[in-house]
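Asker:
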Amino acid sequence: MTGVGLLGDLTAGAVSMLVMLCYAMSLGTLIFSADLARYAELGVPTALVSCIVTALVIALTSSMRLNIAGPDSNATAFLAGVAAGVASSVRADGGSPQTILLTVLIAIALCSVVTGIVLYAIGSSKRSRSLQFLPYPVVGGFLAGTGYLLLAGAFRVLTGESPQWHTLPVLTHLHWLAWMPALFIGVLTTILTRGRQHIAALPFVLACGIVLFYLSLHLAGLSIDDARNMGLLLPHVKLHFFPDMHVPAPLANGAIDWAAIAAHLPETLVVTSASAITILMNSTAIGAATGDDIDLNREMRAAGLANIASGLLGGMVGYQSYNRSMLNARAGATSRMAGVFAALACLVALIASPDLVALFPVPVLVGLQLFMGLRLLMQWLVGAYARLNWYEYALVPGILAVVAFYGVVAGVIAGVIAACVMFTLLYGRVSCVRMAFDATTRTSTVERSIEDAARLRELGTQLCGMCLQGFLFFGTANSILQRVRERLAANDAAPVRYVVLDFASTNGMDASVSIAFVKLRQLCASSGADLVLTALPARSRSLLVKTGTLNLRIHEFATLDAGLEWIEDTLLGSGSAMQASGEQNLRSTLAPHFTPSALDRLCACLEVRDLDAGQLLFSRGEPGDALYIVESGRVAVSLPLPDGRLVRLRSFGPGTVVGEMAVYTQTTRSADVIAEAPTRVHRLSVPALLALEREDPVAAQQFHRFLIKTIASRLTVANEALRAAY
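For the sequence shown, the UniProt record's numbering gives the first residue as 1, with consecutive numbering after it.
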């Protein structure tokens, strides 16, 4: 590391240290306010411990080198509710003040440990990105609720009362020194930091607020002791760690009310959820701003380890902070050393000068809480209005109102319900039908004669097919049922005989789909149509088997191609050329395309070749020295894979031509052609074709015209399939 880089890290670390301490003390007073304010001397250090431990661990283990961590407003807003609830439960059980304090501190520490374990588990299982599936408006509602809780916490710190209509007049009785610096910092910082380019304004405003407070204190003729007696300064606190043998006396004389802690476990899980979501959002934003590569799973593991360590040492929840990390970057930090130095500097400052904390003005810390709360409310109640649809935006104030009037747990329940409803509404708007088709726009890979291909185009509307996609549930299943009902009810000249549903692009279904398929089968039966299911995933098929749906005379095929091949064979029936055999039948197939004399001359040039099932007609890489006309049976164009398997690209039935492309392009064979059943083909070699062109140009011309018709028939099918796909 160069001298310039080290100087930049030390400077950035010093600036970060001051802001970290302000955040920690502000959030500590938020938790230990109102009824818990008397315990601030031993309670605020929980935030200071988290400030040091989480910053140090995450600076060393994060995937981003400029990360600064510590207690954060989102989790602390909910954690304050946990602490207040635990204290209320202990008090209701008749617990002593020592029991209240010890139980609250243990609850905070356990919350950190539980949060750390959950975060580490998420990161280790590589499921961090699954949190991104939580709907954006629901996240906004939670964060707006967090903003309200921060403002409510600031009210409690100032007045010692919970914010209610009848307690609002208490604000009018406050000394102007209690609210003026707080209002100055809260409003001014909110205005200056609305754009990210002003993020360095935070330490400047905090410094101005401290100067303004002490200047106002001097003008009011009050001493520092007077200010402390009025509650305008923090009490003298001492940094302590639970593993230390020197446990403070108020803690040693208390007992732990485990029942109170267990009663508020759901709220503890809310803190964990808020932490996970905020880490995801903060880390993504930090990476985008700094250009660092983000490993979200590593960030979760880093935060998990940091919170486990913080909890074991008696600290509160903390994790990566966007504001403090950006301040660190803009102050000149170049490496992890800045974060490490900031954490160690906090520890040294608190050990060397413990009275430093007692000089921090409470109104300044309240102003920081106001800033954090106002920023969230401005972002999600005002800024989100322009980014969201009205029905999405309505969730934000809705969840906020539930949190404000009914509490955090009710807000979480409302958020979960809102997430489910939002998922259903938004996912239901995505069509589960990737493509609709019939026999004119989608055919099997079986190549058929010109006459059979034309016949299938005539009968194509008798097939109604849909390629499905995504996860199928009751909403999408009912939409499929409705589309089929409308198609069957249409007054077409040719009624639908086959309804095909392809599941190749689906990734699952729920039990309600089986009920819809029962109705669908009944609908098809009443219209005289067969229901065909293709490419069912194993789990989906198992579900339909358990519910008995597949026992309702539903046709099932492993692939869509196999299902279409069966339907085409059924539609063509016994009149198809594939049912014929013998030379006379080949002549009858070719007769519409040749004059009698030309057909006689062509047949004289053909060599008959019989193949057994599985026998090779020609292989890939062989010279294209002949083409073949299939008389009976079927041959398949197959492509060998490296693992030894063969993939069928195309199958050729009676009346079709195979191998003509290599003849015309004078190249080697591009694939293997194998008989799928006992097959008879007629071979026309290149020398025989050249002789036919020399000796009977009319017959040769008619043969080339026949090949052009065959290729044109293939292109027609391909064009229809391409048009249907778009």
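Positions of the beta carbon are idealized from the N, C-alpha and C atoms, including for glycine.
Could you name the residues that DSSP lists as bridge partners for THR99?
Answerer: The residue labelled residue 99 in the question sits at position 99 within the sequence shown. Its beta-bridge partners do not exist; DSSP assigns none.
Asker: Taking buried to mean at least 16 other C-beta atoms within 10 Å of its own C-beta, is PHE473 buried or exposed?
Answerer: Within the sequence shown, numbered from 1, the residue matching residue 473 stands at position 473. Classification of PHE473: buried, given that the 10 Å Cβ count is 16 or more.
Asker: Could you tell me whether the Cβ atoms of LEU356 and SER26 are closer together than 7 Å?
Answerer: Within the sequence shown, numbered from 1, the residue matching residue 356 stands at position 356. Within the sequence shown, numbered from 1, the residue matching residue 26 stands at position 26. No, these two residues do not count as a Cβ contact at 7 Å.
Asker: Report the option in THR476, SER527, ALA489 and GLU486 whose CA atom is closest to the CA atom of ASP510.
Answerer: Against the sequence shown, residue 510 aligns to sequence position 510. Per the Cα distances, THR476.
Asker: Contact defined as beta carbons within less than 8 Å: I believe ILE185 pairs with VAL205. What is the distance between those atoms, to the nearest angstrom?
Answerer: For this step, residue 185 is matched to residue 185 along the sequence shown. For this step, residue 205 is matched to residue 205 along the sequence shown. The pair is a contact, with the Cβ atoms about 6 Å apart (cut-off 8 Å).
Asker: Please report how far the alpha carbon of ARG301 lies from the alpha carbon of ALA331, in whole angstroms.
Answerer: Numbered from its first residue, the sequence shown carries residue 301 at position 301. Numbered from its first residue, the sequence shown carries residue 331 at position 331. Whole-angstrom Cα-Cα distance: 27 Å.
Asker: Can you list the beta strand (DSSP E) stretches of 3 or more residues lying completely in the UniProt domain "Cyclic nucleotide-binding" (590-685), in chain order?
Answerer: Runs found: 607-611, 616-618, 626-632, 635-640, 646-652, 672-675 and 679-685.
Asker: Go ahead and pull the three-state DSSP assignment for LEU388.
Answerer: Against the sequence shown, residue 388 aligns to sequence position 388. Here LEU388 sits in coil by DSSP.
Asker: Please state whether the Cβ-Cβ distance between GLY145 and GLY411 is less than 7 Å.
Answerer: Locating residue 145 in the sequence shown gives position 145, where the first residue counts as 1. Locating residue 411 in the sequence shown gives position 411, where the first residue counts as 1. For GLY145 and GLY411, yes; Cβs fall inside 7 Å.
Asker: Just the C-alpha distance for ARG680 and THR443, rounded to the nearest angstrom, thanks.
Answerer: The residue labelled residue 680 in the question sits at position 680 within the sequence shown. The residue labelled residue 443 in the question sits at position 443 within the sequence shown. Taking the straight line from one Cα to the other gives about 24 Å.
Asker: Count the other C-beta atoms from every protein chain shown that fall within 10 angstroms of the C-beta of ASP93, then say buried if there are 16 or more, exposed otherwise.
Answerer: Numbered from its first residue, the sequence shown carries residue 93 at position 93. Its Cβ having fewer than 16 others within 10 Å, ASP93 is exposed.
Asker: At a cut of 8 Å, does the segment 167-180 reach the segment 372-386 through at least three beta carbon pairs?
Answerer: Verdict: no, contact absent.
Asker: How would you call ARG694, buried or exposed, if buried means at least 16 neighbouring beta carbons within 10 angstroms?
Answerer: Translated into the one-based positions of the sequence shown, residue 694 becomes position 694. Flag for ARG694 reads exposed.
Asker: Would you list the one or two residues that DSSP bridges to ALA69?
Answerer: The count along the sequence shown starts at 1 and reaches residue 69 at position 69. Answer is GLN320, bridged to ALA69.
Asker: Quick check on DSSP: helix, strand or coil for GLU695?
Answerer: Locating residue 695 in the sequence shown gives position 695, counting from the first residue. Residue state, collapsed to three classes: helix.
Asker: Going by beta-carbon coordinates alone, are ILE58 and ALA343 separated by less than 7 Å?
Answerer: Stepping through the sequence shown from its first residue, residue 58 is reached at position 58. Stepping through the sequence shown from its first residue, residue 343 is reached at position 343. For ILE58 and ALA343, no; Cβs fall outside 7 Å.
Asker: Measuring CB atoms only, is the segment 539-549 touching the segment 407-423, in the sense that at least three cross pairs come out at less than 8 Å?
Answerer: Verdict: no, contact absent.
Asker: Pull the bridge partners of TYR498 from the DSSP assignment, please.
Answerer: Reading the sequence shown from its first residue, position 498 is the one you call residue 498. TYR498 pairs with LEU463 and ASP530.
Asker: Thinking just about the alpha-carbon of each residue, which of LEU456, MET466 and GLY621 is nearest to the one in SER713?
Answerer: Position 713 of the sequence shown, counted from the start, is the residue given in the question as residue 713. Closest by alpha carbon: LEU456.
Asker: Rounded to a whole number of angstroms, what is the C-alpha to C-alpha distance between SER128 and GLY470?
Answerer: As a working mapping, residue 128 is identified with position 128 in the sequence shown. As a working mapping, residue 470 is identified with position 470 in the sequence shown. Straight-line Cα distance between these residues: approximately 22 Å.
Asker: So, using beta-carbon positions, are PHE341 and LEU10 closer together than 7 Å?
Answerer: Along the sequence shown, read from residue 1 onward, the residue named residue 341 stands at position 341. Along the sequence shown, read from residue 1 onward, the residue named residue 10 stands at position 10. In contact: PHE341 and LEU10 (Cβ atoms closer than 7 Å).
Asker: With DSSP run on the structure shown, which of helix, strand or coil describes ARG553?
Answerer: In the sequence shown, residue 553 corresponds to position 553, counting from 1. In the structure shown, ARG553 sits in coil (DSSP, three-state: anything other than H, G, I, E or B).
Asker: Mapping DSSP to helix, strand and coil, what is LEU472?
Answerer: Walking along the sequence shown from the start, residue 472 turns up at place 472. Note: LEU472 maps to strand in three-state DSSP.
Asker: Does DSSP classify GLN579 as helix, strand or coil?
Answerer: Residue numbering aside, residue 579 sits at position 579 when the sequence shown is read from its first letter. Legend: pLDDT at GLN579 = 42, less than 50; position of this residue unreliable, no value from coordinates given.
Asker: Drop a sphere of 10 angstroms on the beta-carbon of ARG485, count the other beta-carbons inside from all chains shown, and report buried for 16 or more, exposed for fewer.
Answerer: In the sequence shown, counting from the first residue as 1, residue 485 sits at position 485. Exposed, since its Cβ has fewer than 16 Cβ neighbours within 10 Å.
Asker: What does DSSP give as the partner residues of PHE437 in its beta bridges?
Answerer: Translated into the one-based positions of the sequence shown, residue 437 becomes position 437. For PHE437, which the question treats as bridged, DSSP gives the partners GLY465.
Asker: Quick check: is any heavy atom of the ligand PLP less than 6 Å from the C-beta of ILE711?
Answerer: The ligand PLP is absent from the structure shown, which contains no ligand whatsoever.
Asker: Return the bridge partner residues of LEU27 from the DSSP annotation.
Answerer: If you number the sequence shown from 1, residue 27 lands on position 27. According to DSSP, LEU27 bridges with nothing at all.
Asker: Round the Cβ separation of ARG620 and SER670 to the nearest angstrom and send it over; I've been treating them as touching at under 8 Å.
Answerer: Within the sequence shown, the letter at position 620 stands for residue 620. Within the sequence shown, the letter at position 670 stands for residue 670. With 8 Å as the limit, ARG620 and SER670 qualify as a contact, their Cβ atoms being about 6 Å apart.
Asker: So what's GLU41 in DSSP terms, helix, strand or just coil?
Answerer: As a first step, residue 41 is located in the sequence shown; it is residue number 41 there, counting from the start. Residue state, collapsed to three classes: helix.
Asker: Roughly how many angstroms lie between the CA atoms of HIS682 and THR656, to the nearest whole one?
Answerer: For this step, residue 682 is matched to residue 682 along the sequence shown. For this step, residue 656 is matched to residue 656 along the sequence shown. Looking at the two C-alpha atoms, the distance is approximately 11 Å.
Asker: Can you tell me where the alpha helix (DSSP H) holding PRO181 begins and where it ends?
Answerer: The residue you call residue 181 lines up with position 181 of the sequence shown. Note, PRO181: alpha helix (DSSP H), 176-192.
Asker: Can you say whether HIS264 is buried or exposed, counting buried as having 16 or more other CB atoms within 10 angstroms of its CB?
Answerer: Residue numbering aside, residue 264 sits at position 264 when the sequence shown is read from its first letter. Result: buried.
Asker: Return the first residue and the last residue of the alpha helix (DSSP H) that PRO163 is part of.
Answerer: Taking the first residue of the sequence shown as 1, we reach residue 163 at position 163. Element bounds for PRO163: n/a, residue is neither H nor E.
Asker: So, helix, strand or coil for MET17, using DSSP?
Answerer: Translated into the one-based positions of the sequence shown, residue 17 becomes position 17. Here MET17 sits in helix by DSSP.
Asker: Would you please state the rounded distance, in angstroms, between the beta carbons of VAL86 and ILE256? I believe it to be under 8 Å.
Answerer: The residue given as residue 86 occupies position 86 in the sequence shown. The residue given as residue 256 occupies position 256 in the sequence shown. Not really, about 11 Å apart at Cβ, beyond 8 Å.
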